[in-house]
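Note that the protein sequences, when read in sequence, are chains P and D.
Under our numbering, think of the first position of the first sequence as 12, with each following residue one higher.
Under our numbering, think of the first position of the second sequence as 35, with each following residue one higher.
Cβ atoms here follow ideal geometry from the backbone N, Cα and C, with glycine treated the same way.
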Amino acid sequence: RKEVEQDPGPFNVPEGATVAFNCTYSNSASQSFFWYRQDCRKEPKLLMSVYSSGNEDGRFTAQLNRASQYISLLIRDSKLSDSATYLCVVNRGPRDSSYKLIFGSGTRLLVRP
Amino acid sequence: DAEITQSPRHKITETGRQVTLACHQTWNHNNMFWYRQDLGHGLRLIHYSYGVQDTNKGEVSDGYSVSRSNTEDLPLTLESAASSQTSVYFCASSDTGELTDTQYFGPGTRLTVL
C-alpha cells in the first residue's frame, strides 16, 4: 500500500464547475499536510497547507480528517488555468525529527472551455 | 529574491559516464533534497541533507551520491550513468524548525542516458 494514495484521474470538468480531490495517508504520525500543484514538465509548487480546522484560499478549500487520515481539496468556479496535476503531500513524522515529505502520485485535472 | 536553481536544465549523456547535477539555493535553508520523477512513480527521494557535512540516503539512492560542503549547494552525482536513471530530477529545500517544513523546488533537470 502506498503511503499517500490519490485517484490519478484525469478529472475532466467544464469551466465554472466545482471539483473535489481526495487523498488518504497511512502514517498516523504525520503532522504537516499540503497540496502542491504541478504543471506539465514543471516543478511542484505549494498550493496551500492544510490545517486541522480546514482552510480556504480564494476558490480553494482544504480539509483534514485526522481520525480517518484523509485530506481533501475543493476547487470552486474552475478556470482553464487550474488545469494541472495536484499532489497530496504529508510529512513523515514530527517536524523536529524528520523534515521529509511523502508525495502522492497526483490527481490530474483538465478544465475545458 | 531568494531562489533555488538547478543546472544544467537538460543533459544527454552516455551509459557509464559520471554526471553531476547542480543545485543552489539562496534561502539559507538547512534542509536540501533530491528527487527523481518518473511516470507512474511520482516523486521519489534520492538523497537529503539536514546541514553542512550531513547527507542521508533516500528510498532510491543506489547509483547516486551527494556532498554538502556549504549551506547553499547540494550537487547530485551519478557515479556511472545507467539508462534506468533517465528521469527528471528535482532539487528542493526547506527551513528548519517546528513552524514549517514546506519544501520549495528548483525548476528540474531533464536527464537522458543513452
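Below 7 Å on C-beta distance, what does residue i contact in chain D?
i, result
"residue 43 of chain P", "135"
"residue 57 of chain P", "136"
"residue 102 of chain P", "135"
Find the nearest neighbour of residue i within the set the options, judged by alpha-carbon distance.
i, options, result
"residue 14 of chain P", "P/28, P/30 and P/35", "P/35"
Considering only their Cβ atoms, is the gap separating residue j from residue i smaller than 7 Å?
i, j, result
"residue 92 of chain P", "residue 120 of chain P", "no"
"residue 27 of chain P", "residue 88 of chain P", "yes"
"residue 100 of chain D", "residue 119 of chain D", "no"
"residue 135 of chain D", "residue 66 of chain P", "no"
"residue 125 of chain D", "residue 61 of chain D", "no"
"residue 38 of chain D", "residue 59 of chain D", "yes"
"residue 102 of chain D", "residue 86 of chain D", "yes"
"residue 84 of chain P", "residue 73 of chain P", "yes"
"residue 123 of chain P", "residue 55 of chain P", "no"
"residue 45 of chain P", "residue 60 of chain P", "yes"
"residue 47 of chain P", "residue 98 of chain P", "yes"
"residue 109 of chain D", "residue 54 of chain D", "yes"
Which chain P residues are close to residue i, counting only those with a beta carbon under 7 Å from its beta carbon?
i, result
"residue 108 of chain D", "Simply none; closest approach about 14 Å."
"residue 76 of chain D", "114, 115, 116 and 117"
"residue 79 of chain D", "111"
Mind pulling the chain P residues with CB within less than 9 Å of residue i?
i, result
"residue 99 of chain D", "Within chain P, no residue comes near residue 99 of chain D; the closest Cβ sits about 18 Å away, beyond 9 Å."
"residue 141 of chain D", "53 and 54"
Note down, in chain order, every chain D residue with its Cβ under 9 Å from the Cβ of residue i.
i, result
"residue 110 of chain P", "64, 65, 67, 82, 84, 128, 129, 130, 135 and 137"
Quick check: what's the CA-CA separation for residue i versus residue j?
i, j, result
"residue 114 of chain D", "residue 43 of chain P", "36 Å"
"residue 117 of chain P", "residue 57 of chain D", "24 Å"
"residue 138 of chain D", "residue 12 of chain P", "27 Å"
"residue 68 of chain P", "residue 31 of chain P", "15 Å"
"residue 80 of chain P", "residue 111 of chain D", "37 Å"
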